[in-house]
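Report on the following structure.
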Amino acid sequence: MKHSSFFWFVLPSALLMLIFIAFPIVSVVTQSLYQEHEQVIIEVENCGPFGCTKAEAVDLEATQALRDAQPLGQWAGLDIYKDRNHLAFAEVGEAWASSVSMRDFAGSLMNLPFYDAIAFTLTYTAIVTPLTIIFGFLIAIGVNAVARAMRGPTIFLSLLPMIVTPIVGALVLFWMVDARGVLGTALQWLADDPGLSVKASTPLMWIMLMVYGIWSSAPFAFIVYYAGLQTVNTDTLEAAMIDGATRWQRIRYVVIPHLVPLTTFIALIQLMDNFRVFEPIVSFSAQAHARSLSFAIFNDLGGETRLLSSAAATSVLTIIGVAILLSPVLVRTWRDFGKAR
Amino acid sequence: MKIWKTTMLGTAVAALAATGALACEADGRVSIIGNEFPAIQTVAANAGACAGIEFTSNLTADHQTLNVAGMTGNPAEYTTAIVANSSIVALINEDVIQPLDALVAAYGQDIPAQQLITVDGKIMAVAFMANAQHLVYRADVLEQVGLDIPTSYEEVLAAAEAIRAAGIMENPVGGAYAAGWNLAQEFTNMYIGTGGEFFTPGTAEVSINNAQGVEALEMMKALTAYMNPDYLTHDSNATSAEWEAGNVALMNMWGSRTGVLMDDEGSAPEVYENTMVSGPLMVGDSGTPATTLWWDGWTVAKNISDEDAAATFQAMAAGVSPAILNEQTMSEAVWLMEGYQPEAVNEGVLASVAAGSTPYPMRPFQGLLHTALGDNIADFLQGNESAEQTLADIEAAYTAAATEKGFLQ
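Laid out in structure tokens, this is it:
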């Protein structure tokens, strides 16, 4: 392709990426470096149906003057990143100095909201991503082995978890694991403990969220692998069969190597998605047991008093986290393409 | 076109006749944002019946995340927000609502003084209903164990133990203890009940890490021992469902929700016939009820034309006029209008007002503390850390947030 044709071809999408991806990121980074103006507090009397009370209020005129002078807010630099609700350098240093053991230090670290959120986010990503890939692969192999007439219905059923709206799927599971739900009661019976409750236990809640994560994203891995399986070279497979290769050996030495590039692709997408885990926490009302970085952003934005700078700082940290997570896969892809040239 | 107009007029007249609203006529745009529960739906419907206005409404549980954004533009998307004493603060802080003194003088002479909410001498909202959390109990269960109606949380614990010991219910106590807003509200009630102060007077410096804070947390934890083990996921809706299922005999619940518990829908006769309300509960010996008083009221946006502001004021004033009270709407809330006749379901809120309960504080930084409370209390209730550590965490989380918002330097 000529360079000029290529330029005109990609221009629209490049422009859209600039407007919808690059500019918002610039704006979020800027926001995270500023904090709100000093609020001028005055004492006022509030009256209503329950009588009058003295209370503090913001002096709007004085605060407005400050706002007009500096429309972006006060320059905070990295203060927001360093405060207790984010990287908490001072608190971590103090915990390091005062801890008697690593266990003690880890305990203090988990008490800080950001580290608590990142611990869950990373555990979730580390467990859900490989299991999604493994289950997706197994389902694809299974469906590929089913008789042709049965494939349509089997594929539809296997895709169902992805077709169901995430929030609905999560709610169905949420009610089933209730202490009075079908699965909840079954678990109590199995464990022989009438007081057992998934929603009351942090470890069980984590397992629940991860099971949901795998259940809802395995179909994605499945459909990609299934498409890949249709392109496996039948000549090679037949040759392997004539050489006396077992089914497992054919999968191990022919199918898996063929599907490696797809695995890279699925891993990339799943790492990004899982690092931003959010909706299961909301639909399982799991915030008492598990918080993720995305949930922290939602929480900052959802309160009566919105914390925009705080949410922006967490967003930037999430972007950095995704970049770090993806770097090994990206480097690998870069090298592979470099080789091909 | 003429037929269409006649039909519209006919509908409007029919609506007026049905609701019995005062004749209201105005010219301009009226757009409401507010929470969704029966009382607010009634107010919005009556405001919308006003002749000559261009009317829209958005009643949603997410109103708090929409109202500031929807009133910031010029002209504002919403000409009025229905708020409560906690949520009006964000609108005042962002300077998106206007003082109503001139509009009250022009169109609101009939509004009783007790409905006017003034901040620093300026009328900022018109309240139309009161709400509070108070005791809801099962008369038959208390009778079975031979106990009087509890008036304090200490008595609730004793009654819960008796009910469990008698084998009537395993988890007889209910409560909206879902982590987040609900849990923070329960702490706020309990802490006020212990006589605690949230802030160093006159400043934005939080001061809850004290004996009262520990006492409030300890009482909350003692109560959870008698709750469904899933309590950290139970908001007001889920708690109401537990009640209707007949699993709970005692709980601290919103007055605006007792109507649902006492009607004959969703539960067995033995549950709804024996569901009774009582006043607010005490904790410890401070003499202050462990609950907060709330009002719901409406405001007028700042960034709108004078014409729209006048139309909005007139429509909303009609929407909360005594004429909207009828057999059906009377039990929906504790209305503040003249002519309101309390029903049995409303007695808990009235008892809370009569007991001298504390209104939910209208401080610009109370919402930040509420969020910090909701994020941290679950750690203590689950037994992961001490009460002092939890209170210290809450203070630290609040301080970081208040510094970012410019309340602390």
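Chains A and B supply the protein sequences, listed in that same order.
Just so you know, my numbering puts 329 at position 329 of the first sequence, and the rest follows in order with no gaps.
To convert, count from 1 in the second sequence and add 341; that's my numbering.
Ideal placement from N, C-alpha and C gives every residue a C-beta, glycine not left out.
Between residue i and residue j, what straight-line distance do the alpha-carbon atoms span, to the nearest angstrom?
{"i": "ALA362 of chain B", "j": "VAL641 of chain B", "result": "Low confidence applies here, because ALA362 of chain B scores a pLDDT of 43, under 50, leaving its location unreliable; read the following figure in that light. Cα-Cα distance, rounded: 21 Å."}
{"i": "ASP403 of chain B", "j": "PHE706 of chain B", "result": "20 Å"}
{"i": "ILE139 of chain A", "j": "VAL618 of chain B", "result": "56 Å"}
{"i": "ALA586 of chain B", "j": "PHE295 of chain A", "result": "32 Å"}
{"i": "PRO513 of chain B", "j": "ILE127 of chain A", "result": "39 Å"}
{"i": "GLN655 of chain B", "j": "ALA443 of chain B", "result": "13 Å"}
{"i": "ALA728 of chain B", "j": "LEU714 of chain B", "result": "12 Å"}
{"i": "GLY749 of chain B", "j": "PRO194 of chain A", "result": "The sequence shown places Leu at residue 749 of chain B, rather than the Gly named in the question. Approximately 49 Å, taken between the alpha carbons."}
{"i": "THR333 of chain A", "j": "LEU268 of chain A", "result": "10 Å"}
{"i": "GLY369 of chain B", "j": "SER309 of chain A", "result": "38 Å"}
{"i": "GLU395 of chain B", "j": "ASN426 of chain B", "result": "28 Å"}
{"i": "ILE118 of chain A", "j": "LEU18 of chain A", "result": "29 Å"}
{"i": "LEU229 of chain A", "j": "MET241 of chain A", "result": "17 Å"}
{"i": "PHE220 of chain A", "j": "LEU159 of chain A", "result": "8 Å"}
{"i": "ALA466 of chain B", "j": "GLY638 of chain B", "result": "6 Å"}
{"i": "ALA355 of chain B", "j": "PRO71 of chain A", "result": "Legend: pLDDT at ALA355 of chain B = 42, less than 50; position of this residue unreliable, value from coordinates given subsequently. Cα to Cα, ALA355 of chain B sits roughly 51 Å from PRO71 of chain A."}
{"i": "MET1 of chain A", "j": "ALA65 of chain A", "result": "57 Å"}
{"i": "TRP584 of chain B", "j": "PRO610 of chain B", "result": "13 Å"}
{"i": "GLU484 of chain B", "j": "ILE504 of chain B", "result": "10 Å"}
{"i": "GLN723 of chain B", "j": "ALA69 of chain A", "result": "48 Å"}
{"i": "GLU366 of chain B", "j": "GLY393 of chain B", "result": "6 Å"}
{"i": "THR231 of chain A", "j": "TYR225 of chain A", "result": "10 Å"}
{"i": "GLN249 of chain A", "j": "LEU237 of chain A", "result": "10 Å"}
{"i": "PRO24 of chain A", "j": "LYS54 of chain A", "result": "42 Å"}
{"i": "VAL168 of chain A", "j": "LEU488 of chain B", "result": "44 Å"}
For residue i, decide whether its Cβ has a neighbour in chain B, counting only Cβ atoms nearer than 8 Å.
{"i": "ASN111 of chain A", "result": "yes"}
{"i": "SER216 of chain A", "result": "no"}
{"i": "VAL58 of chain A", "result": "yes"}
{"i": "HIS37 of chain A", "result": "yes"}
{"i": "PRO49 of chain A", "result": "yes"}
{"i": "GLU304 of chain A", "result": "yes"}
{"i": "GLN188 of chain A", "result": "no"}
{"i": "SER158 of chain A", "result": "no"}
{"i": "SER310 of chain A", "result": "yes"}
{"i": "THR53 of chain A", "result": "yes"}
Under the DSSP definition of a beta bridge, which residues are partnered with residue i?
{"i": "ASN472 of chain B", "result": "B:TRP635"}
{"i": "VAL675 of chain B", "result": "B:ALA471"}
{"i": "GLY51 of chain A", "result": "A:GLY48"}
{"i": "VAL371 of chain B", "result": "B:PHE396"}
{"i": "PHE540 of chain B", "result": "B:VAL547"}
{"i": "VAL514 of chain B", "result": "B:LEU591"}
Under the assumption that residue i contacts residue j (Cβ atoms under 8 Å), give the Cβ distance between them as a whole number of angstroms.
{"i": "SER493 of chain B", "j": "MET623 of chain B", "result": "4 Å"}
{"i": "VAL806 of chain B", "j": "LYS643 of chain B", "result": "Absent from the structure is residue 806 of chain B, since the part of chain B shown begins at 342 and ends at 750."}
{"i": "GLN35 of chain A", "j": "GLY73 of chain A", "result": "6 Å"}
{"i": "TRP635 of chain B", "j": "ALA471 of chain B", "result": "7 Å"}
{"i": "VAL164 of chain A", "j": "VAL177 of chain A", "result": "Not really, about 17 Å apart at Cβ, beyond 8 Å."}
{"i": "SER698 of chain B", "j": "VAL686 of chain B", "result": "That pair is no contact at about 18 Å."}
{"i": "TRP96 of chain A", "j": "PHE89 of chain A", "result": "Their Cβ separation, rounded to whole angstroms, is 11 Å, which puts TRP96 of chain A and PHE89 of chain A out of contact at 8 Å."}
{"i": "MET162 of chain A", "j": "ALA286 of chain A", "result": "21 Å between Cβ atoms; not a contact."}
Can a CB atom of chain A be found closer than 8 Å to the CB of residue i?
{"i": "PHE748 of chain B", "result": "yes"}
{"i": "ASP451 of chain B", "result": "no"}
{"i": "PRO570 of chain B", "result": "yes"}
{"i": "GLU606 of chain B", "result": "no"}
{"i": "THR744 of chain B", "result": "yes"}
{"i": "HIS711 of chain B", "result": "yes"}
{"i": "ALA519 of chain B", "result": "yes"}
{"i": "ASP442 of chain B", "result": "no"}
{"i": "TRP636 of chain B", "result": "yes"}
{"i": "ASP734 of chain B", "result": "yes"}
{"i": "LEU558 of chain B", "result": "no"}
Check whether the Cβ of residue i sits closer than 7 Å to any heavy atom of the ligand MN, and report yes or no.
{"i": "PHE748 of chain B", "result": "This structure simply doesn't include the ligand MN, nor any ligand for that matter."}
- For the segment 75–85 of chain A against the segment 731–741 of chain B, are there 3 or more C-beta pairs whose distance is under 8 Å? yes
- Should the segment 316–334 of chain A be regarded as contacting the segment 132–146 of chain A, the criterion being three or more beta carbon pairs within less than 8 Å? no
- For the segment 529–536 of chain B against the segment 679–695 of chain B, are there 3 or more C-beta pairs whose distance is under 8 Å? no
- Task: Specify whether the segment 430–445 of chain B and the segment 457–477 of chain B touch according to this definition: at least 3 beta carbon pairs, one from each stretch, less than 8 Å apart.
- Result: yes
- Does the pairing of the segment 39–47 of chain A with the segment 59–68 of chain A give three or more beta-carbon distances under 8 Å? yes
- Counting pairs of beta carbons, one from the segment 400–419 of chain B and one from the segment 372–379 of chain B, are three or more of them closer than 8 Å? yes
- Flag this pair as touching only if the segment 201–219 of chain A and the segment 271–281 of chain A have three or more C-beta atom pairs under 8 Å; answer yes or no. yes
- Task: Decide yes or no for the touch test of the segment 256–273 of chain A against the segment 128–135 of chain A: beta carbon pairs closer than 8 Å, at least 3 of them.
- Result: yes
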